[in-house]
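Undergrad: Let me give you the structure first, and then I'll get to my questions.
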Amino acid sequence: MFYFENRQIVTPGDLLAEGDYVAGNNTYKEGFRIYASRLGLVEYDGRTVRVIALNSVYIPSPGDQVIGKIEDVNVNGWIVDINSPYKGILRANEAFNKPFRQQRDNLASLLDVGDLILAKVVAFDRTIDPILTIREPGLGKITQGQIVKVSPAKVPRIVGRKASMINMLKKETECKITVGRNGIILISGPSPENERLAILAIERIAQEAHTSGLTDRIAEMIRREKGVKT
Amino acid sequence: MSGKIKLINENGLRVDGRRPNELRPIKMEVGILSNADGSAYIEQGKSKILAAVYGPREVHPRHLALPDRALLRCRYHMAPFSVEERKSPAPSRREIELSKVIREALEPAIFLEKFPRTSIDVFIEVLQADGGTRCAGVTVASLALADAGIPMRDMVVACAAGKVDGVIVLDLNDLEDKEGEADIPVAYMPNLGLISLLQMDGILTIEEFNQALNLAIEGCKQIYRLQKEALKAKYVAIKEEVEETCLQ
């Protein structure tokens, strides 16, 4: 038995369903009852009941692509701020192509405090801080573009179902958009005007993440903005 | 104590014109501080309180971090201008105790075990005090926690009941608290039906106590409805705006 309609806003403690259901994200189960544990939109999907959070922190998960800022340089690696309660760790041997030797290689010359990197989470569990890598094509130091920050909870909305939203954004604004799972987004486009448009669109998506028909509305907004300028 | 001031008049109304089982007018708002992860504001009668939540975030100092769960830290503070006589801004014995009491009222509601080695910091700032600030503090703090997106078993709502001039009343104000016979602050998790804070100041018989406790829980349930509305209001407003422009 369901107590709400699909995509209705629920608050922590709301009784969502009663009976033989599976508790999905942001819900918890007590006996045969499923309750919401976060403020968000409820989603009934077959036997699964979940809540799409409206706000949350980023909890790293292996395989996630993230954008981080070098916070400190140690003797054998870097500490990276990845917009999460946990600090990212990038080990030196992940960054050098040849075997790393402390006496020879200078870490700060490769990545210094304040540098932004595009990285991937390799390992994370509750006892250790997330381990990052930049040893994959496309990853590494970020040299150009603009950064937008959104709540990590809005990232799936910005990407869209089967990447529909992000593909539309890329096509309409002609920008390269790299979305970090941690809510940090890199935009680099052919002109500042294109970048401005992309940032505007992303901020609008984050603001209206809980409404429906968003992709079409954003596409229309971009086209209108473009029309004004030309 | 009683006899000096008449707290209940001949019509059975209280000093501020309320009936015994009536709450003060309540106004709540969510997400009003842009720098906090979650925030909320409450006006309950003349009591005005602001709450901010930061976290889950790294614990400083580091050695306080817990390996199996998040550390919940709470600070209840009264602004120097919140009371008639200027209050020293340094935390008093009472404020330190209330910080602990509020923390313990919120703790059972939060899934602290989901964020080991982090801290969740709650700041409750009383801007104007007119009784019932610990209860209103719990109510706003849980709003701010929900706004910050911290997973919780249930919202926590708090409300007081007590006895003034021999009558069991709901939601005491400062005067009733000081001149009345008893005061019971209760924090309650409405969906789970659990009490997370229960204190008593004064003297009541067992019957009176039960009556007051039930009244306080009823009050909590009323506040809970307002709390839910306040939490949704921020998002519902955007949704309606969007739907309106779509129709045009």
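From first to last, the protein sequence lines stand for chains A and B. Add 9 to a position in the first sequence, counting from 1, and you land on the number used in the working numbering. Add 74 to a position in the second sequence, counting from 1, and you land on the number used in the working numbering. Positions of the beta carbon are idealized from the N, C-alpha and C atoms, including for glycine. Computed from a predicted model, the values in this text were never measured in an experiment.
1) Do ALA232(B) and VAL104(B) have their beta-carbon atoms positioned less than 8 Å apart in this structure?
2) Please confirm if the stretch 254 to 270 of chain B is in contact with the stretch 109 to 128 of chain B, defined as three or more CB-CB distances below 8 Å between the two stretches.
3) Does the beta-carbon of MET75(B) have 16 or more other beta-carbons within 10 angstroms, so that it is buried, or is it exposed?
4) So what does DSSP say about PRO130(B), is it helix, strand or coil?
5) Determine the chain A residues that contact MET229(B) at a beta-carbon separation under 8 Å, and present them in chain order.
6) Select from the stretch 174 to 197 of chain B all residues with a C-beta closer than 7 Å to any C-beta belonging to chain A, and list them in chain order.
7) Give me the residue from ALA311(B), GLY236(B), ARG227(B), ARG98(B) with the minimum Cα distance to ILE43(A).
8) Ignore the nearest five residues each way along the sequence and tell me which others in PRO141(B)'s own chain have a CB closer than 8 Å to its CB.
9) With a threshold of 8 Å between beta carbons, is ALA263(B) in contact with chain A?
10) If the cut is a Cβ gap below 8 Å, which residues of chain A does ASP221(B) touch?
11) For ILE277(B), is the classification buried or exposed, using 16 other Cβ atoms within 10 angstroms of its Cβ as the cut-off for buried?
12) Rounded to whole angstroms, what's the CA-CA distance from ASP90(A) to ASP138(A)? Just pull it up for me.
13) Are any of the Cβ atoms in chain B nearer than 8 Å to that of TYR37(A)?
14) Taking all protein chains shown into account, decide if MET10(A) is buried (16 or more other Cβ within 10 angstroms of its Cβ) or exposed.
15) Can you check whether the CB of VAL66(A) is closer than 8 Å to the CB of PRO165(A)?
16) Going by alpha carbons, who is nearest to GLY147(A) out of GLY222(A), GLY189(A), LEU209(A)?
17) If you scan the stretch 109 to 178 of chain A from start to end, which runs of the beta strand (DSSP E) of 3 or more residues do you find wholly inside it?
18) Please confirm if ALA162(A) has its CB atom under 8 Å from at least one CB of chain B.
19) Checking 8 Å against the spacing of the C-beta atoms, do ILE194(A) and ARG213(A) come in under that value?
20) Evaluate LEU272(B) with the Cβ neighbour count: other Cβ atoms within 10 Å of its Cβ, from every protein chain shown; 16 or more gives buried, anything less gives exposed.
21) What residues from chain A crowd round ILE49(B), counting only those whose CB sits closer than 8 Å?
22) What is the DSSP secondary structure of CYS294(B), counted as helix, strand or coil?
23) Counting only beta-carbon separations shorter than 8 Å, does PRO99(B) have a partner in chain A?
24) Measuring alpha carbon to alpha carbon, tell me which of ILE242(B), GLU292(B), ALA215(B), ASN247(B) ends up nearest THR279(B).
25) What are the residues of the stretch 129 to 141 of chain A that lie near chain B, defined by any Cβ-Cβ distance shorter than 7 Å?
26) Keeping to the same chain, check which residues put their C-beta closer than 8 Å to that of ASN12(A); ignore five residues upstream and five downstream.
27) When we look at the beta-carbon of PHE197(B) and count the other beta-carbons within 10 Å, is it buried (16 or more) or exposed?
28) Taking 8 Å as the threshold, find out whether the stretch 151 to 171 of chain B comes into contact with the stretch 209 to 220 of chain B through three or more Cβ pairs.
29) Excluding five sequence neighbours on each side, which residues of the same chain lie with their C-beta closer than 8 Å to the C-beta of GLU52(A)?
30) Would you kindly work out how many angstroms separate the C-alpha atoms of VAL159(A) and ARG136(B), rounded to a whole number?
31) Flag PRO94(A) as yes if its beta-carbon sits less than 8 Å from any beta-carbon of chain B, otherwise no.
32) Can you list, in chain order, the residues of its chain with a C-beta nearer than 7 Å to that of ALA215(B)? Leave out the 5 residues immediately preceding and following it.
33) My assumption, with CB atoms under 8 Å, is that ASP245(B) sits in contact with ARG93(B). Please give the rounded CB distance.
34) Considering just the uninterrupted stretch of the beta strand (DSSP E) at GLU52(A), what are its terminal residues?
35) Roughly how many angstroms lie between the CA atoms of ALA144(B) and VAL127(B), to the nearest whole one?
TA: By the coordinates alone:
1) no
2) Counting Cβ pairs under 8 Å, fewer than three are found: no touch.
3) Residue confidence is low: MET75(B) scores 48 on pLDDT, short of 50, so the model does not pin down where it sits. Its coordinate-derived value is still stated next. The residue is exposed, with fewer than 16 neighbouring Cβ atoms inside 10 Å.
4) strand
5) THR20, PRO21, GLY22
6) PHE185, PHE189, PRO190, THR192
7) ARG227(B)
8) PRO190, ARG191
9) The residue you asked about is not Ala; residue 263(B) is Met in the sequence shown. Interface residue, yes.
10) LEU48, ASN64
11) exposed
12) 11 Å
13) yes
14) exposed
15) no
16) GLY189(A)
17) 125 to 134, 137 to 142, 155 to 158
18) yes
19) no
20) exposed
21) In this structure chain B extends from 75 to 322, so residue 49(B) is not present and cannot be described.
22) helix
23) Cβ-Cβ to chain A under 8 Å: no for PRO99(B).
24) ILE242(B)
25) ARG135
26) First, the amino acid is wrong: residue 12(A) is Tyr here, not Asn. Excluding its 5 nearest sequence neighbours in each direction, TYR12(A) has C-beta neighbours in its own chain below 8 Å: ASP23, LEU24, LEU25, ALA26, GLU27, listed in chain order.
27) buried
28) no
29) ASN15, ARG16, GLY33, VAL58, ARG59, VAL60, ILE61
30) Distance between the alpha carbons of VAL159(A) and ARG136(B): 27 Å.
31) yes
32) ALA125, ILE176, LEU180, VAL196, ILE198
33) ASP245(B) to ARG93(B), Cβ: 11 Å. No contact.
34) 49 to 54
35) 14 Å
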